[in-house]
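Structure, as structure tokens:
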Amino acid sequence: MTKATLKIQGMTCNHCSMRVQKALKGVAGVQDALVDLGKAEAAVTFDEAKVNIDALSTAVVDAGYKVVK
Ligand SMILES: [Cu+2]
Numbered sequence: 081m082t083k084a085t086l087k088i089q090g091m092t093c094n095h096c097s098m099r100v101q102k103a104l105k106g107v108a109g110v111q112d113a114l115v116d117l118g119k120a121e122a123a124v125t126f127d128e129a130k131v132n133i134d135a136l137s138t139a140v141v142d143a144g145y146k147v148v149k
């Protein structure tokens, strides 16, 4: 498993962080995702053979938020 932290822009409340967390967890290959609203970060544990950072970023963008590179 690989761990990565994504910087996310646009989350303003718990509802936002839950949405992002759900979106990330819904990606095939993601084992776990934990969003920290205060830090505006998502810590994601995933299987690198199945998913990459770009796919994770796309999931966040599709949920309506921005990923800061
Ligand atoms: Cu919100």
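In our numbering, the protein residues as written are 81 to 149. We put the beta carbon where it would ideally sit given N, CA and C, even for glycine. These numbers come from a predicted model, not from an experiment.
Cβ pair residue i, residue j closer than 8 Å
i	j	result
L114	F126	no
Q89	K146	yes
A129	K87	no
A143	K83	no
E140	G109	Note that residue 140 is Val in the sequence shown here, rather than Glu. Contact: no.
Sequence-distant residues of the same chain with beta carbon closer than 8 Å to residue i, five excluded per side
i	result
D107	According to the sequence shown, residue 107 is Val rather than Asp. The residues are F126, V131, A135, L136 and A139.
T85	E121, A122, A123 and V124
Per-residue DSSP class, three states only, for residue i
i	result
D127	coil
A84	strand
K105	helix
L114	strand
A122	strand
Own chain residues within Cβ distance below 7 Å of residue i, not counting five before or after
i	result
Y97	Tyr is not the amino acid found at residue 97; the sequence shown has Ser there. So the qualifying residues of the chain are M91, V115 and L117.
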